[in-house]
Each structure stands twice: as structure tokens, then as C-alpha cells.
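Right, one structure below, let's go through it.
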Amino acid sequence: MALVDALRRLLKAEALEKPDAGKVVLKERGEQHGAPQTVTLLVDESEVAAVRMDKFSHSSMLDDGWKVCDYALFLDRKDRAVSDVILIELKKSKANDSSSSEQLRQSVSILEYLAALARTVASPDGDPAEALPREVYYVVLYERDGRALDKQATHTASVVATGRRSHRGMNISWRIGQHASLSDLLSDAG
4 MALVDALRRL LKAEALEKPD AGKVVLKERG EQHGAPQTVT LLVDESEVAA VRMDKFSHSS
64 MLDDGWKVCD YALFLDRKDR AVSDVILIEL KKSKANDSSS SEQLRQSVSI LEYLAALART
124 VASPDGDPAE ALPREVYYVV LYERDGRALD KQATHTASVV ATGRRSHRGM NISWRIGQHA
184 SLSDLLSDAG
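Numbers 4 to 193, taken from the working numbering, label the letters of the sequence shown in order.
Below, the structure is given as C-alpha cells:
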């Protein structure tokens with residue numbers, strides 16, 4: 004059984020965003036002013052489990068609290084022997100972003116926990132402590148570049164800007180826009 008299938012069977016429905024008609028809509032959670040940010044992600048033919056990271060409250064037991072990213076996308080792709088995971092943080096504005104890199108970094112502990120749970124279910128006769136090979140990608144999706152509202156119409160293929168940055172040993176890709184494809188996120192980060 005693949006990791007994505009194991010996660011789908013293991014997690015409650017409210018912890019997952021369900022793909023529909025080849026896309027999954029990612030929604031910003033928590034306290035915010037105005038309408039929440041949404042990003043439509045085209046998932047191609049990949050098997051994907053979009054896990055809502057706000058459903059795991061481990062940080063209440065830690066000093067100084069930890070903040071995690073918005074989503075972990077677990078992917079099973081037919082052409083890959085390795086599992087892929089994309090940690091995604093949604094931010095309204097690139098101009099106001101001061102914490103997304105650290106949120107992605109602190110999310111790795113939840114990613115490891117979810118992967119271990121999925122391994123336990125997917126391989127009932129195997130050692131759940133034996134790590135499966137995987138690649139982790141870090142992505143920040145911004146709705147707009149600055150504080151002002153972007154009044155231009157957004158089209159499925161339009162992207163305002165993309166880029167990369169480094170944070171404490173992690174290579175983080177970022178993208179401004181309300182639509183993206185899974186293959187774009189993987190190629191931006193690669």
C-alpha cells in the first residue's frame with residue numbers, strides 16, 4: 004500500500020483536502036482579516052494526500068510554541084521510486100512575510116510523524132522505524148507581492164513571480180499567484 008493511500012485511510016476527513024476533478028483547493032486557516040487566501044493546485048495524474056497541518060496540535064506542549072505550515076502534500080508518482088512531500092505555507096503578501104521559512108522548518112517534525120504513521124499502516128509486516136526514501140520540498144505561495152490589493156485578473160496559467168531563497172540549510176521556492184500546478188511546484192523547488 005502506498006503512503007498516500009495509507010494516509011487517506013488513517014486520517015479523519017477534516018484533516019485532508021480532497022482532490023476533485025484533477026485539482027485541490029488549498030485554503031489559509033486561522034485568524035485573518037478579509038477573505039482567506041485560496042490557491043487552486045492542479046494535481047495532474049499524481050496520487051496526492053493534502054494534509055491540513057493545523058489539525059495537529061503538538062505545539063501546545065512545547066516551550067515557546069511552534070508554528071507549522073498550512074499543508075503537507077504527500078505524493079505517489081508512478082515514475083518515481085522515492086516518495087515526495089511538499090510542505091506549503093500560504094501567505095497573503097510577500098511584503099508582510101517574516102515567519103514562513105521558520106514555519107516550514109518547524110513542520111518537518113509533523114511530517115516525520117505522519118510518514119511514520121503511514122509506514123506503519125502501509126507495511127504491516129515491516130519495521131515502521133525503517134525510513135523510506137523521500138524528497139522534501141519547501142514552498143511558500145503568496146497571494147500578492149505587496150500590501151496593496153492586486154486588481155489584475157488572475158488566470159489559471161498566470162503567475163506574477165517565482166523565486167528561491169535559502170533558510171538554515173533549506174532551499175525554499177516561492178510563487179505569487181492564486182493558481183499553480185503540482186509539476187510547477189516540483190520544478191520550481193528542484
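We put the CB at the ideal spot given by N, CA and C, even for glycine.
With 16 or more other Cβ atoms inside 10 Å of its own Cβ, H182 counts as buried.
In the structure shown, the three-state DSSP call for D87 is strand. Here the alpha carbons of V111 and A134 stand approximately 14 Å from one another. Secondary structure at A38: coil, using DSSP grouped into helix, strand and coil. Where E17 is concerned, there is no enclosing beta strand (DSSP E), because DSSP gives it neither an H nor an E. If the five residues before and after R137 are omitted, its C-beta is found closer than 8 Å to the C-beta atoms of V85, S86, D87, V88, A118, all from its own chain and listed in chain order.
DSSP, read as helix, strand or coil, puts D187 in helix. Under the three-pair Cβ rule at 8 Å, the region 51-59 counts as touching the region 9-24. With contacts defined as CB atoms closer than 8 Å, S96 and Y141 fail to qualify as a contacting pair.
For K58, the secondary structure class from DSSP, reduced to helix, strand or coil, is helix.
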